[in-house]
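Just below is one structure, and these are the notes that go with it.
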Amino acid sequence: MITSDFVAYVISATTTPSSLVSKNEITERLTTLMIEIARECDAIGATLIGHIKCVLDANEYLAVSVTDASGHASVRGDLTNDIDHVFVVINAMLYGLTYEQVKSIVDELVIKHLSFDTTVRIEELDKKQSPIHFHC
Amino acid sequence: MEILIVAGFLGSGKTTLVLSTIERIVERTDKKVAIIVNDFGTIGIDSKVMEKFGLKVSELDGGCICCSLGTDLLSTIQILEENMNPDIVVIEPTGLADPDAIVHAMKHYPGNTPQRILSFVIIDVVRFPSVFKALSRPLSSQIRTADVILMNKIDAISSEMLASVEADIRSIDDSASIIAVSALNDINIDKVVDRIVNS
């Protein structure tokens, strides 16, 4: 189901805050991040939100996803402990925007929500991909 | 060895369905089940979620198995067959894949011919109108070629809307085998397991 305007932006975000992050705070930040990515992509002309999702990879796990810009997010997994290191994989898959537009929105929001009191490192996980590569 | 393809558009609930059915299939049949997940990127989110639930997953990343990764898929199945000899291989492609293309790719499988290939297509009934509007041709093709259509997230819409979605699906394929489910809230999942186990 690929059209020429399909974009898949896939990254990891890594940071080590100076103090422990509570399970509630990281859950709230990731939920807000997913919702805001969907909303901002929708606002600048995304024709269809496919799936915007992330997973926090720790000893335990937390996955958050949205499928539209309504502000509803699904949260799966339940952290029982606070965390001292953040490693999150994020997929933004949608239609109607350019890769650069999606990258700009996602990177900016990741920095906003996941920097804590330090910096966040963003790494693209699939630089080779392109709409042609995924064409079915 | 049997092949079960669990396809469906992005966010339709494929991973949730796999998580909600695999354990029951194993409980009922004592069959050995292997799972292949095709995610975007070099670190797959869906496979990570499944692994956290205790499932062993083979990953195919960086593309779509119904096209550019077809050969990788066949190699992965062959490795699984040789090393694990599973009774059922569950394939969860990306939300962009054409399940029929995977069925065709399996014709070139160099190992033992699968005893059966069963393809499920999951439809997110909440988003069906908007997804169908944007992608009517590939979605129609998925519906026509699937063995079973799962209308998922039925607890999130009214019965009138659900009837409307079903009518739309029937207008594409009036003989479609349809099961209405909520993978997240365990509605009719036993019917899905029945279909997998008994057909």
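Chains as they are written, first to last, in the numbering used here: chain A, 1 to 136; chain B, 1001 to 1199.
Each residue gets a CB set at the ideal place from its N, CA and C atoms; glycine is no exception.
Put simply, the segment 1107-1123 of chain B does not touch the segment 1029-1036 of chain B. Fewer than three CB pairs are less than 8 Å apart. For the pair Thr-67 (chain A) and Arg-1127 (chain B), the CB atoms are nearer than the 8 Å cut-off. Among the bridge pairs identified by DSSP, Ile-1178 (chain B) is matched with B:Ile-1149. Contact check for Val-1181 (chain B) against Asn-1188 (chain B) passes: the beta carbons are separated by less than 8 Å. By the beta-carbon neighbour count (other beta carbons within 10 angstroms, threshold 16), Glu-1160 (chain B) is exposed. Contact with chain B is absent for Ala-13 (chain A), since none of that chain's Cβ atoms lies less than 8 Å from the residue's Cβ.
Where Arg-1195 (chain B) is concerned, the enclosing alpha helix (DSSP H) starts and stops at 1189-1198. In the DSSP annotation of this structure, the continuous segment of the beta strand (DSSP E) that includes Leu-94 (chain A) starts and ends at 86-95. Residue pairing by DSSP leaves Ile-1154 (chain B) without any beta bridge partner. Taking the beta carbon of Ser-4 (chain A) as reference, no residue of chain B falls within 7 Å; the closest one sits roughly 13 Å away.
DSSP, read as helix, strand or coil, puts Phe-1053 (chain B) in coil.
For the options A:Leu-30, A:Ala-46, A:Asp-84, A:Asn-81, the alpha carbon positioned closest to that of Leu-109 (chain A) is the one of A:Leu-30.
Secondary-structure assignment with DSSP links Ala-1007 (chain B) through a beta bridge to B:Val-1121. The count of Cβ pairs closer than 8 Å, one atom from the segment 1130-1145 of chain B and one from the segment 1096-1108 of chain B, reaches three, so the stretches are in contact.
For a cut-off of 8 Å, the C-beta gap from Tyr-61 (chain A) to Lys-1056 (chain B) is around 16 Å, too long to register as a contact. The alpha-carbon separation between Ile-1157 (chain B) and His-72 (chain A) amounts to approximately 14 Å. For Leu-1010 (chain B), a Cβ of chain A is located within less than 8 Å of the residue's own Cβ. For the pair Arg-1195 (chain B) and Ser-19 (chain A), the Cα-to-Cα distance works out to about 51 Å. In the structure shown, Lys-1032 (chain B) adopts coil according to DSSP, grouped into three states.
Under the 8 Å criterion on CB atoms, Gly-1041 (chain B) is classed as interfacial with respect to chain A.
In terms of beta-carbon proximity, Lys-1052 (chain B) lines the interface with chain A, with at least one pair separated by less than 8 Å. Beyond the five residues adjoining it in sequence on each side, Ile-1178 (chain B) comes within less than 7 Å, by CB distance, of Ile-1149, Met-1151, Glu-1166, Ile-1169 in the same chain, given in chain order.
Of all alpha-carbon atoms in A:His-51, A:Ser-4, A:Ala-38, A:Val-7, the one lying nearest the alpha-carbon of Asp-1124 (chain B) is that of A:His-51. Put simply, the backbone Cα of Thr-3 (chain A) is about 18 Å away from that of Asp-42 (chain A). With the criterion set as a beta carbon lying under 8 Å from some beta carbon of chain B, the members of the segment 80-106 of chain A are Val-89, Asn-91, Met-93, Tyr-95, in sequence order. Ile-122 (chain A) sits away from Ile-83 (chain A), with the two beta carbons spaced by 8 Å or more.
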